[in-house]
Amino acid sequence: MLGMRTIQRSRPTPRAVRSVVSQNANFARTLPFLRTADGVSLLLFIAISSVAAPAAAATKAKPPTILSTHDVPGIIPAPANLVRGEGKFEWIAVVPILWHGENTKEAAALLAATLKSRYGVNCKTAALDNSNDRSKAIRLTANRMSATASEEDYGLTITTNGMSIEAHHPAGFFYAIESLLQLFDAQKVSATKTVSLPVVRIYDAPRFIWRGMMLDESRHFFGTKAVKELLDVMAYLKLNRFHWHLTDEPGWRIEIKKYPKLTEIGGQGNWSNPAGPRNFYTQDDIREIVTYAAARHITVIPEIDMPGHATAACRAYPQLSGGGVGFTFNPGMEETYRFLEDVLLEVAKLFPGPYIHIGGDEVSFGNKQWSTNPTTMKFMKEHELANAAELEHYFMRRMLGVVKKLGKMPIGWDDVAAGDVPAIVPGDVTLMWWHHEKPKRLTQLLEKSYNVILSPRHPSYFDFIQHDSHTQGRRWDGFNDLGRVYDFPDSVTQGLIPPGKDRNILGIEACLWTERVQNRDRLGFMLFPRLAAMAESAWTLAEAKNKSQFLDRLPGFLRELDRRSIPHFNPFDPQKTPEPVGPEKKAGGTANG
9 MLGMRTIQRS RPTPRAVRSV VSQNANFART LPFLRTADGV SLLLFIAISS
59 VAAPAAAATK AKPPTILSTH DVPGIIPAPA NLVRGEGKFE WIAVVPILWH
109 GENTKEAAAL LAATLKSRYG VNCKTAALDN SNDRSKAIRL TANRMSATAS
159 EEDYGLTITT NGMSIEAHHP AGFFYAIESL LQLFDAQKVS ATKTVSLPVV
209 RIYDAPRFIW RGMMLDESRH FFGTKAVKEL LDVMAYLKLN RFHWHLTDEP
259 GWRIEIKKYP KLTEIGGQGN WSNPAGPRNF YTQDDIREIV TYAAARHITV
309 IPEIDMPGHA TAACRAYPQL SGGGVGFTFN PGMEETYRFL EDVLLEVAKL
359 FPGPYIHIGG DEVSFGNKQW STNPTTMKFM KEHELANAAE LEHYFMRRML
409 GVVKKLGKMP IGWDDVAAGD VPAIVPGDVT LMWWHHEKPK RLTQLLEKSY
459 NVILSPRHPS YFDFIQHDSH TQGRRWDGFN DLGRVYDFPD SVTQGLIPPG
509 KDRNILGIEA CLWTERVQNR DRLGFMLFPR LAAMAESAWT LAEAKNKSQF
559 LDRLPGFLRE LDRRSIPHFN PFDPQKTPEP VGPEKKAGGT ANG
């Protein structure tokens, strides 16, 4: 009988493995053609090695053996459940890809195309039938891994005789393929080289439905090619939400047909150089990027910041300015609401995803003039609003209603529900908690049953430096190194989540504000490899995370970045990747940047 070894990532929860023994057994029964080297069935292979074995059997079994670094497949993020077997599958370029069931033909075509473009390997695809069911192959089978399986769950099995992928939704097949590609990358697959892949059984499912990355392109603009490159790496890491910060003080970066001055005037300049070139995405650019992201199962969430951080828009249309040298829109004019509703209407048509982010943060930087502006004072009196704070909440409630009328779920920063003012209804908005220095705010939001995305400045803001030797970035009570990111979110949320309210946490997100990030070299350096740590924190259950094993797997990811010629920081050898110079702010820069 095979000697089996299990990677012990700590005891999985029932949710993590979906009753691993029964599910793995069901998985095996659907794959009778898979056999281990000496004829032992895959069902026995899995059952005797599952980390969730019955208690009676567990009392007799020996403790699982921890695999050495060299035995651990280089998959990031770490799977929920991974079982290793003895032996290898000898991969050769002529292995066919066989498909059976709904969504599998498309997944097989995707895998074949990826192997061709990535490694130069030509694999033929065919329907699984009696003529080929015993051949050495990669098999894709439609199967719901459990009664509660999400769209993103998948199974991946490698035996000495072949490979099998199981899922019931395109997203699950996609993530299984990404895991397989990581195994291939670790073995340096090519069209001419035979490589040995480890015998392994993976059942995988994400911890959070929201696994996000935010890119600020108002302060500095990067363009279509850089965004697509980022989306590719996000997909490789199983991140699924791209939060696109397109408007702010330095620049307005999205074409709005009804208001061309937004890009003609508002699109000029950036944080470091207000006289810099005009940069923005056309609506065709937006559609191209949204389509590109969707093919990688990434939802794009546009952010149109309001009522603050509106300087670029107010440069273009100064009649809309409400205070702070154009920092806020004027919430006391119907013209402002018509303008923003027109903008959001065009935005909603460009982004088919279910969300639009409307900011709502740091309004106090520019709302002091609301209390002296005749227009806003008159508006407050007519609507029985006592002060600027109540006017702010009136504005937000009204704009949240606009977004919902467009069929989208609005998202805002946690400022939206802060303060002792009429509450925003929890069901009307999803909030992003970013004030790390206000932990009680998270508890209060959860107590009120708001759905929350965790993005506190510590450790989610990647404009903070990542190594003590770095100088081109932010510090505030420390900085955000790789370990701090990996320990998130549990290191931050301990004691802050009321009983039963963990279900209101949708997920986590890394945010890159780009004041000190002006080009691709800086962009990659600040994102990587921290984004890999964030991805594992977003996908892998806390009980299954292991920082030491993550660091063992990380060099493989760095090699993949090198293969793609993507700049990054090397935490193992900081001198090998010196810090790129960040920009300085030239005279005439925007306020509050």
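First residue of the sequence shown? That's 9 in the numbering used here, and the numbers climb one at a time after it. Backbone N, C-alpha and C define an ideal beta-carbon position, used for all residues, glycine too.
Residue i to residue j span [Cα, whole Å]
i, j, result
"K319", "G109", "A small fix is needed here, since residue 319 is Thr in this sequence, not Lys. Cα to Cα, T319 sits roughly 53 Å from G109."
"F387", "T344", "12 Å"
"F335", "T122", "47 Å"
"W484", "M314", "26 Å"
"L462", "A543", "13 Å"
"V59", "N89", "Reliability fails at V59, whose pLDDT of 30 lies under 50, so the model's placement of it is uncertain and the value that follows must be treated cautiously. One C-alpha to the other measures close to 8 Å."
"H475", "T548", "25 Å"
"L520", "A145", "42 Å"
"R561", "A115", "27 Å"
"H444", "W378", "28 Å"
"G170", "T133", "15 Å"
"L531", "P586", "14 Å"
"R572", "V235", "14 Å"
"E392", "A426", "20 Å"
"K555", "G491", "8 Å"
"I516", "P362", "17 Å"
"H401", "L566", "46 Å"
"V433", "Q583", "51 Å"
"L328", "S154", "54 Å"
"H176", "R147", "14 Å"
"R346", "F403", "12 Å"
"L247", "T255", "23 Å"
"K201", "Q190", "17 Å"
"G374", "H317", "9 Å"
"D471", "L539", "12 Å"
"P104", "K413", "49 Å"
"Y162", "R209", "11 Å"
"A117", "P588", "40 Å"
Closest by C-alpha distance to residue i, when choosing among the options
i, options, result
"T165", "E174, L562, L358, E159", "E174"
"V203", "N287, I100, G220", "I100"
"I264", "E392, E349, G415", "E349"
"R261", "N287, R304, E392, N151", "N287"
"S158", "Y211, A550, V102, L393", "Y211"
"F192", "N169, A134, R126, N140", "R126"
"R142", "N151, T168, Y162", "T168"
"R406", "F565, G374, M341, G220", "M341"
"H305", "F182, H176, K389", "F182"
"A321", "D423, N338, V197, A213", "N338"
"N381", "V411, N395, P591, E370", "N395"
"Y325", "A546, K376, T271", "T271"
"N111", "S499, G163, P178", "P178"
Which of helix, strand or coil DSSP assigns to residue i
i, result
"Y267", "coil"
"Y127", "helix"
"Q276", "strand"
"V241", "helix"
"F35", "In this predicted model, F35 has a pLDDT of only 35, less than 50, meaning its place in the structure is not dependable; the value taken from the coordinates is given anyway. Helix, per DSSP."
"V525", "coil"
"T438", "strand"
"Y325", "coil"
"R483", "coil"
"N89", "strand"
"H108", "strand"
"E517", "strand"
"G330", "strand"
"R511", "helix"
"P588", "coil"
"A121", "helix"
"M385", "helix"
"S499", "helix"
Cβ-Cβ separation, residue j to residue i (assumed contact under 8 Å), whole Å
i, j, result
"H253", "E186", "Not a contact, Cβ separation roughly 26 Å."
"F536", "L569", "6 Å"
"E609", "P506", "Because the chain spans 9 through 601 in this model, residue 609 falls outside it and cannot be assessed."
"L106", "N140", "6 Å"
"L358", "P447", "Wrong, their Cβ atoms sit about 36 Å apart, outside the cutoff."
"R249", "T299", "At roughly 16 Å, the Cβ-Cβ gap does not stay under 8 Å, so R249 and T299 are not in contact."
"V410", "L352", "6 Å"
Proximity test, Cβ basis, 8 Å: residue i and chain C
i, result
"V437", "The chain inventory of the structure shown lacks chain C, comprising one protein chain alone."
Does the stretch 415-429 come close enough to the stretch 437-446 to have 3 or more Cβ pairs within less than 8 Å? In short, these stretches touch, since the Cβ pair count reaches three.
Between the stretch 273-290 and the stretch 575-587, do three or more beta carbon pairs fall short of 8 Å? No: fewer than three Cβ pairs fall under 8 Å.
Indicate whether the contact test is met: 3 or more Cβ pairs, each with one atom in the stretch 227-239 and one in the stretch 204-213, closer than 8 Å. Between the stretch 227-239 and the stretch 204-213, the count of C-beta pairs closer than 8 Å stays below three; the two stretches do not touch.
Does the stretch 506-525 touch the stretch 217-236, meaning 3 or more C-beta pairs lie closer than 8 Å? The answer is yes - the stretch 506-525 touches the stretch 217-236, with three or more Cβ pairs under 8 Å.
Decide if the stretch 290-298 is in contact with the stretch 326-342; the criterion is three or more beta carbon pairs, one per stretch, under 8 Å apart. As far as the Cβ criterion goes, the stretch 290-298 does not touch the stretch 326-342, which means the pair count is below three.
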